[in-house]
Amino acid sequence: MAHIYTITPETLDPLQFAYRPNRSTDDAISIELHTALSHLDKRNTYVRMLFIDYSSAFNIISTLKAHH
Numbered sequence: 020m021a022h023i024y025t026i027t028p029e030t031l032d033p034l035q036f037a038y039r040p041n042r043s044t045d046d047a048i049s050i051e052l053h054t055a056l057s058h059l060d061k062r063n064t065y066v067r068m069l070f071i072d073y074s075s076a077f078n079i080i081s082t083l084k085a086h087h
């Protein structure tokens, strides 16, 4: 497992927060908020953001069907 951790940081996107040590959703929100606010400092610009919560997206899959 240690070997995987030594080679993956080079291949992962720098904005990947899931399944990485010392990263959280708070970090992702902070970076996105900073990016949006920095963009809004420019004249005649606007920001569009879409937030999707997938936390319970797969709870609807029937466990009986998944076993077959």
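Plus 19 on top of the position in the sequence shown (first one is 1) and you've got this note's numbering.
For glycine and all other residues, C-beta sits at the position ideal for the given N, C-alpha and C.
The structure displayed is predicted, hence computed values, not measured ones.
The alpha-carbon of Ala47 is positioned some 19 angstroms away from that of Thr30. Take the alpha-carbon of Leu34 and the one of Asp60: they are about 22 angstroms apart. In this structure, Thr44 is the residue among Tyr65, Thr44, His53, Ala55 with its C-alpha nearest to the C-alpha of Ile71. When rounded, the separation of the alpha-carbon atoms in Val66 and Phe36 is 22 angstroms.
Ranked by Cα distance from His53, the options Ala76, Asn78, Phe77, Met68 are led by Met68.
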